[in-house]
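S.K.: My structure is below; once you've seen it, I'll send some questions.
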Amino acid sequence: MVDVWSYGFSIFDKLYVKNGTFYAVTSRKESFPPKEGILTKIIIELEEGPYNPAEDRLQYLTPSEAKEVLGDYATVIPGMTMFIADPPQYLPHFYHFWGEVIIGAWRVYSALGFSKDNNGSLDRLSFPDRWIMPFIDREDEWRDKAGLNAPLMRLAFPSASIEKSEIWKDWIKSGNTLVFERSMVINRRAAHKSPLGFTWFKMISGTQNVSVPSNFWEPLRKSVTKNLFGYVPEVAASGKALVVPKFKHSKDTASSKPHSIKPIVTYISRQSTGRRLIDADHQGLVAALKELAMEGICEVRIPIMEHLTLQEQMAEITSSTIMIGVHGNGLTHQLFMPPSLRSAVFEIQPPGDYAFDYWMLSRNVGHKHYMVRNDTLTTFGPEEWHEGVNMGPLFHTTSIPVYGPVIADMVRKRLTQPERDVEP
1 MVDVWSYGFS IFDKLYVKNG TFYAVTSRKE SFPPKEGILT KIIIELEEGP YNPAEDRLQY
61 LTPSEAKEVL GDYATVIPGM TMFIADPPQY LPHFYHFWGE VIIGAWRVYS ALGFSKDNNG
121 SLDRLSFPDR WIMPFIDRED EWRDKAGLNA PLMRLAFPSA SIEKSEIWKD WIKSGNTLVF
181 ERSMVINRRA AHKSPLGFTW FKMISGTQNV SVPSNFWEPL RKSVTKNLFG YVPEVAASGK
241 ALVVPKFKHS KDTASSKPHS IKPIVTYISR QSTGRRLIDA DHQGLVAALK ELAMEGICEV
301 RIPIMEHLTL QEQMAEITSS TIMIGVHGNG LTHQLFMPPS LRSAVFEIQP PGDYAFDYWM
361 LSRNVGHKHY MVRNDTLTTF GPEEWHEGVN MGPLFHTTSI PVYGPVIADM VRKRLTQPER
421 DVEP
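Printed below as a string of structure tokens:
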């Protein structure tokens with residue numbers, strides 16, 4: 001096993017697979033993490049009845065035991081293999097797939113390319129060769145309704161194969177032993193066993209203890225945007241986009257010029273969804289933001305993501321310096337907003353509530369996060385965080401309040417203050 005490990009994100013050199021079971025061969029079993037920190041019980045209902053892939057599906061063998069169990073030879077699978085060893089419960093959801101599985105895996109994997117000798121460069125870290133979901137049978141068990149998970153995977157990892165349970169079942173039927181040159185086993189329930197899981201209550205909580213460069217996510221952001229647009233969008237320290245994208249025309253654009261070279265503030269409207277602002281408060285927020293545009297501070301854009309194609313959505317996000325939105329799936333797009341001195345995410349939740357989902361993403365990809373609860377802003381430094389989680393009766397409703405001017409005032413401050421005064 002490689003030295004880098006986090007609950008639910010486990011990297012192996014020479015991991016063996018036979019008859020649907022993972023085997024790690026080591027002369028020091030006692031030095032390995034507990035099995036429940038790698039792969040926990042998953043009950044999959046198949047036609048022939050319940051199947052528990054974690055029951056005896058991860059075994060530690062000594063070299064002397066390995067020959068008897070694994071045989072005299074094995075088929076070598078070269079390169080890097082990512083096993084998403086989860087049932088379909090959470091995978092067909094943009095946030096849970098990209099905002100937990102992919103970013104968590106990439107953070108832990110990035111630690112392999114991080115050393116003091118190369119000043120934190122990730123250039124020598126190769127992209128995975130394949131992604132395998134052994135317990136996913138159908139496409140709709142990992143593709144989200146918005147149609148983002150799969151296309152973004154193809155953009156991020158254009159040469160990697162993405163396999164479901166068919167290949168796993170084929171290997172079982174063959175009876176052959178396989179050895180994976182390097183691999184990662186990803187498992188949600190194991191990830192939640194991290195002690196930090198009781199602090200932040202997220203799948204990637206434990207990965208925050210893994211030392212990586214601050215820009216560890218950049219290779220994936222750059223891969224997605226370069227393959228989508230032919231260039232990598234960046235934002236200057238001034239907050240202005242260095243390359244202006246092509247937008248879908250929107251009557252809600254607050255700039256008089258369709259492609260003004262000003263910092264872009266994007267308010268992702270959720271007013272057609274089940275969790276949204278009080279309509280009058282939405283209108284008040286729009287009015288407050290449009291005042292900023294009239295002052296010449298920024299361009300304000302108000303896209304409705306569900307009405308846009310993937311490329312149109314990404315054009316909106318990858319040119320933005322500041323993103324605003326009600327707690328929800330749309331804030332996952334911040335993964336592809338360029339990190340910059342002034343980049344920030346304003347997340348709106350009901351008063352008294354706090355959920356860590358999008359604060360955690362901002363923390364990982366380099367954006368300042370502000371929790372907006374009506375007329376109150378809460379933010380934390382790099383080594384600080386909110387104590388506890390609370391989701392009150394308004395959390396999933398259509399009656400979330402917000403006082404727009406409090407957001408507009410902080411946006412104005414962040415975009416106009418001297419560089420030395422911008423809060424990290």
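So the sequence shown is numbered by the UniProt record's numbering: it starts at 1 and just counts up by one. Backbone N, C-alpha and C define an ideal beta-carbon position, used for all residues, glycine too.
1) Any idea which residues DSSP pairs F83 with across the strands?
2) Rounded to whole angstroms, how far is the Cβ of A24 from the Cβ of N187, which I believe are closer than 8 Å?
3) Less than 7 Å between C-beta atoms, sequence neighbours within five positions excluded: which residues of the same chain meet that for E423?
4) Below 8 Å CB to CB, which residues in the same chain sit around G79 once its five sequence neighbours on both sides are set aside?
5) In chain order, what residues of the same chain have a beta carbon less than 6 Å from the beta carbon of S10, not counting five sequence neighbours either side?
6) Quick test of the definition: if touching needs 3 or more C-beta pairs under 8 Å, does the region 379–397 touch the region 345–356?
7) Could you pull the start and end residues of the beta strand (DSSP E) that T62 belongs to?
8) Can you tell me the Cβ-Cβ gap for E316 and L331, rounded? I've got them flagged as a contact below 8 Å.
9) Consider the C-beta atom of S64 and the heavy atoms of the ligand COA; say whether any pair is separated by less than 8 Å.
10) So T321 packs on V210, CB below 8 Å; how close in whole Å?
11) Starting from the C-beta of H282, find all residues in its chain whose C-beta is less than 6 Å away, skip the five residues before and the five after it, and write them out in chain order.
12) I believe K222 touches Y7 by the beta-carbon criterion, under 8 Å. Please report the beta-carbon distance rounded to the nearest angstrom.
13) Using only alpha-carbon positions, find the residue among G113, P401 and K173 that is nearest to N215.
14) Bridge partners for L15 per DSSP, in chain order?
15) Within the same chain, show all residues whose beta-carbon is closer than 6 Å to that of P263, passing over the 5 residues directly before and after it, in chain order.
16) Provide the residue span of the beta strand (DSSP E) that contains E163, from first to last.
17) I believe F83 touches I132 by the beta-carbon criterion, under 8 Å. Please report the beta-carbon distance rounded to the nearest angstrom.
18) Use the C-beta contact count for I302: other C-beta atoms within 10 angstroms, 16 or more gives buried, fewer gives exposed.
19) So if DSSP puts I322 in a beta bridge, which residue, or which two residues, is it bridged to?
20) Do M323 and M337 have their C-beta atoms closer together than 9 Å?
21) Look at T273 and G328 and say whether their C-beta atoms are less than 9 Å apart.
22) So, do the region 58–66 and the region 12–23 have three or more beta carbon pairs nearer to each other than 8 Å?
23) How should A54 be labelled, buried or exposed, when 16 other C-beta atoms within 10 angstroms of its C-beta is the threshold for buried?
24) Quick one: is D409 buried, meaning 16 or more other Cβ sit within 10 Å of its Cβ, or exposed?
M.R.: In this structure, then:
1) If you number the sequence shown from 1, residue 83 lands on position 83. DSSP lists I132 and V185 as partners of F83.
2) Counting from one through the sequence shown, the residue named residue 24 turns up at place 24. Counting from one through the sequence shown, the residue named residue 187 turns up at place 187. Not a contact, Cβ separation roughly 14 Å.
3) Counting from one through the sequence shown, the residue named residue 423 turns up at place 423. Excluding sequence neighbours, E423 sits near K368.
4) Reading the sequence shown from its first residue, position 79 is the one you call residue 79. Correct list, in chain order: S126, P128, D129, R130, E181 and R182.
5) Along the sequence shown, one-based indexing puts residue 10 at 10. So the list reads I38 and V185, once near-sequence residues are dropped.
6) yes
7) Here the question's residue 62 lines up with position 62 in the sequence shown. First-last for T62: undefined, no H or E at that position.
8) Translated into the one-based positions of the sequence shown, residue 316 becomes position 316. Translated into the one-based positions of the sequence shown, residue 331 becomes position 331. That pair is no contact at about 13 Å.
9) As for the ligand COA, it is missing from this structure, which has no ligand bound.
10) Residue numbering aside, residue 321 sits at position 321 when the sequence shown is read from its first letter. Residue numbering aside, residue 210 sits at position 210 when the sequence shown is read from its first letter. Not really, about 28 Å apart at Cβ, beyond 8 Å.
11) Looking up residue 282 in the sequence shown gives position 282. So the qualifying residues of the chain are Q271.
12) Reading the sequence shown from its first residue, position 222 is the one you call residue 222. Reading the sequence shown from its first residue, position 7 is the one you call residue 7. Not a contact, Cβ separation roughly 28 Å.
13) Here residue 215 refers to the residue found at position 215 of the sequence shown. The candidate whose alpha carbon is nearest that of N215 is G113.
14) The residue given as residue 15 occupies position 15 in the sequence shown. L15 is bridged to A24 and F180.
15) The residue you call residue 263 lines up with position 263 of the sequence shown. Answer for P263: G239, K240, C298, T321 and L415, listed in chain order.
16) On the sequence shown, position 163 is the one that residue 163 refers to. First-last of the beta strand (DSSP E) with E163: S161 to E163.
17) Within the sequence shown, numbered from 1, the residue matching residue 83 stands at position 83. Within the sequence shown, numbered from 1, the residue matching residue 132 stands at position 132. Indeed they touch by this definition, with Cβ atoms about 5 Å apart.
18) Against the sequence shown, residue 302 aligns to sequence position 302. I302 comes out buried.
19) For the purposes of this step, residue 322 is taken as the residue at position 322 of the sequence shown. Paired residue(s): V265 and A344.
20) Along the sequence shown, read from residue 1 onward, the residue named residue 323 stands at position 323. Along the sequence shown, read from residue 1 onward, the residue named residue 337 stands at position 337. Yes, Cβ-Cβ distance for M323 and M337 is below 9 Å.
21) The sequence position of residue 273 within the sequence shown is 273, counting from 1. The sequence position of residue 328 within the sequence shown is 328, counting from 1. Contact: yes.
22) yes
23) Your numbering for residue 54 matches position 54 in the sequence shown. Only weak support exists for where A54 lies, its pLDDT of 45 falling under 50; the coordinates are left without a value.
24) Translated into positions along the sequence shown, residue 409 becomes position 409. D409 is exposed by the Cβ-count criterion.
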